[in-house]
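Each protein sequence line maps, in turn, to chains A and B.
All the letters of the first sequence, read from the start, carry residue numbers 4 to 268 under my numbering.
All the letters of the second sequence, read from the start, carry residue numbers 743 to 1063 under my numbering.
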Amino acid sequence: MKILVTAKRVEDPESKIKVKPDGSGIVQEGLKYKINPFDEIGVEEGLRLVAKHTGEVVVVSIGGKEVQEQLRHALAMGAHRAVWVNHTGPLDQLGIAALLQKVADKEKPDLVILGKQSIDDDQNQVGQYLAEFLGWGQATFASKVESLESAEEKNKEPAVKLTADKKSVQVVREVDNGLATLECQLPAVVTTDLRLNQPRYASLPGIMKAKSKPIEELTPEKLGVNVTPQIQVLKLASPPARKAGIKVPDVATLVDKLRNEAKVV
Amino acid sequence: MPIVLIVAEQQPDGHLRKASLNAIGAGKQLADKAGAELHIAILGKDPAKVVDELKSTGAKAVHVGAAAELEHYLAETYAPVLSTLATELKADYVGMASTAQGKDLMPRLAARLKAAMATDITGLNGSGADITFTRPMWAGNVFAEVKLTTPVKVFTVRATEFAAAAGGQAAAEVKTFAPKVEASKTKFVEFKEVKSARPELTEARVVISGGRGTKGDFKEIEALADDLGAAVGASRAVCDAGWVPNDLQVGQTGKVVAPALYIAAGISGAIQHLAGMKSSKTIVAINKDAEAPIFQVADYGIVADLFKVLPELRAELQKLK
């Protein structure tokens, strides 16, 4: 099967994000960048499916030249080839989904896997927009209640699996108060939740091999997509700071404060 | 007059999802600012049960679409029905609570309506046609003010940031319609509920969460939770380790909570976790490490072992009874 997976470039989730004093953006100095963690889980899931059923994982990223770093990372993990949509400047979810739709039209994958959200804008929209644009089924937040740390749990039925006739996927999704299972006819769109899997490390041979794997370059113009944003970010601000708290010496003092000062017990 | 349409959600057990009332609360605020009329939509096999509750929220009308094919929620069947309704009503804004369903459905609906969308809004600004939304980015480390420039605007609501709608003076008009349900490429297979005797995390007045410091032993946390009628939460690390189910996870990638009292036991306070609990009214941190970042957001901190503090806390609280 052919699987298209996204690899967005985002700030390292451990970085300290600070807003510029004028609210026009975030302070870039000192930031490190990574593949969006949810997308990395998507690459891993794609690789596992292809290992089981044969096929190809094609990874796609949109952005300036620097996103090649994230594409190379996915290639080093084992993805087979990459598509780079070269675009600098602002882009919103509508634009991203429209570009991915064109890439999917070109590649004709059986499955598109995306992270459920990217950890910079936290919008959680693109997979669903894309599924609607393509007229495909969607299964968002693929995951399962299981421990990733024990071998026994890891060997359980996967949350995303191809059905016996290979014409659809069954996906277990984490939703409010439980787990929902859907069956989507292929082609379909799946978005990943955090606990779907634990992405592998890129091996040294993998990193060496990635250097010679092809990256195809496209542009919004070549794909015939107008990406003028319909979402304007007017201003950024830091969240209101909590007033500094106090450390209390013992439990009796804590209970006294909770009772008489905060009045919550 | 502009129209604000809020989509309410029926739980698998037939009840109204509480967060829908907060979304209606946000819808009301938006209608006031935009000089608009508030409408509610509810779909399902048998939504009658929740219609009474929706009638008294202060909306102008409740649109009820019942069909056997809508028994199990699917984005592919719900989005076209809602898209037709929103188009017929000429809705300017369509919103829903940021529940798992809201997050799954609203972007698909927005795509159908060729609308831009704002996820998880925490505030509304401006008036008339000039409305902007406040929403969190970078795990709540940044709040952005965003403007949607498409004719129809879609949003989901962070329930903890808006008061639940209740007590409208006049009962809303109930308008039933027959939904045209399209064939779907996706089929519902099953839903397995994860049941708990404790209150739901996002609705509890008190939440007690455990982190790595528990080493997977939640007994003391559960005992205190039962004493206080509180919900139990956990940090991502604890869920990833499989010590507790993932639906207890509080954080950017888990649930966002804002209880009156949040007790974080053995939680270091990673950005990811703070994003999910920073809006709590009073925060208590219990951690052996005096340098743990959790102390920077806690109103009250105790630098000590949670296995020593929690039993003491239970004993002290017993004395108050």
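Beta carbons are placed, not taken as given, at the ideal position from N, Cα and C, and that holds for glycine.
Model, not experiment: these values are computed from the prediction.
For the C-beta of S241(A), the chain B residues within less than 9 Å are, from N- to C-terminus, N883, V884, F885. Counting C-beta atoms within 10 angstroms of its own C-beta, T902(B) has 16 or more neighbours from the protein chains shown and is therefore classed as buried.
Nearest in C-alpha terms to E47(A), of all of N89(A), L78(A), G140(A), G181(A), is L78(A). For V999(B) and M4(A), the gap between their C-alpha atoms comes out near 41 Å.
In the DSSP annotation of this structure, E795(B) is not part of any beta strand (DSSP E); the continuous alpha helix (DSSP H) holding it starts and ends at 790-797. Non-local C-beta neighbours of A906(B) in its own chain, meaning closer than 6 Å and more than five positions away in sequence, comprise L763, N764, G767, ordered along the chain. Beta-bridge pairing by DSSP links C981(B) to no other residue. Looking at the DSSP output, T184(A) sits in a beta bridge with V175(A), E932(B). Inter-residue distance for F144(A) and K1063(B) is about 43 Å (C-alpha atoms, whole angstroms). In its chain, beyond the 5 residues on either side, G958 have a beta carbon closer than 6 Å to the beta carbon of W985(B).
Close partners of N764(B) in chain A (Cβ separation under 8 Å) are lacking, with about 14 Å as the shortest Cβ gap. D1031(B) carries a coil assignment under DSSP once its states are collapsed to helix, strand and coil. Rounded to whole angstroms, V251(A) and V896(B) show a C-alpha spacing of 46 Å. Taking a contact as a CB-CB distance under 8 Å, the pair V258(A) and A1002(B) does not count as one, their CB atoms being some 15 Å apart. As the crow flies, the alpha-carbon of Q96(A) is around 6 Å from that of V129(A).
For a cut-off of 8 Å, the C-beta gap from I963(B) to L890(B) is around 42 Å, too long to register as a contact. Of all residues in the region 1038-1051 of chain B, those with a C-beta nearer than 7 Å to a C-beta of chain A are V1039, A1040, D1041, Y1042, G1043, I1044, V1045, V1051, reading in chain order. The straight-line gap separating the alpha-carbon atoms of R12(A) and V86(A) is approximately 14 Å.
Annotation: the region 781-861 of chain B contains the following complete segments of the alpha helix (DSSP H) (minimum length 4 residues), in chain order: 790-797, 817-831, 842-854.
Under the 10 Å beta carbon count, S27(A) is surrounded by fewer than 16 other beta carbons and is classified as exposed. K105(A) carries a helical assignment under DSSP once its states are collapsed to helix, strand and coil. Within the region 58-100 of chain A, the complete alpha helix (DSSP H) segments at least 4 residues long are 71-80, listed from N- to C-terminus. In the displayed model, P1053(B) falls within a helix according to three-state DSSP. A distance below 9 Å separates the beta carbons of R850(B) and A134(A).
Straight through space, the alpha carbons of E1058(B) and F41(A) are spaced by roughly 43 Å. Within the same chain, and ignoring the five residues on either side of T995(B) in sequence, the residues whose Cβ sits closer than 7 Å to its Cβ are R978, Q1014. As summarised for the region 173-257 of chain A, the continuous alpha helix (DSSP H) elements at least 4 residues long and confined to that stretch are 207-213, 223-226, given in chain order. For D125(A), there is no enclosing beta strand (DSSP E), as DSSP marks it with neither H nor E.
For L966(B), the uninterrupted alpha helix (DSSP H) run begins and ends at 961-970, by DSSP. Going by DSSP, S762(B) is part of no beta strand (DSSP E) but of the alpha helix (DSSP H) stretching over 761-776. Annotation for K35(A): no alpha helix (DSSP H) segment contains it, and DSSP assigns it neither H nor E. Where V129(A) is concerned, the enclosing alpha helix (DSSP H) starts and stops at 129-137. Taking each of Y815(B), I863(B), T874(B), Q911(B) in turn and checking the Cα distance to L847(B), the smallest one comes out for Y815(B).
By DSSP's assignment, V1045(B) forms a beta bridge with N1029(B).
Secondary structure at Q911(B): coil, using DSSP grouped into helix, strand and coil.
Just measuring C-alpha positions, the residue of D872(B), F904(B), P921(B) sitting nearest T864(B) is F904(B).
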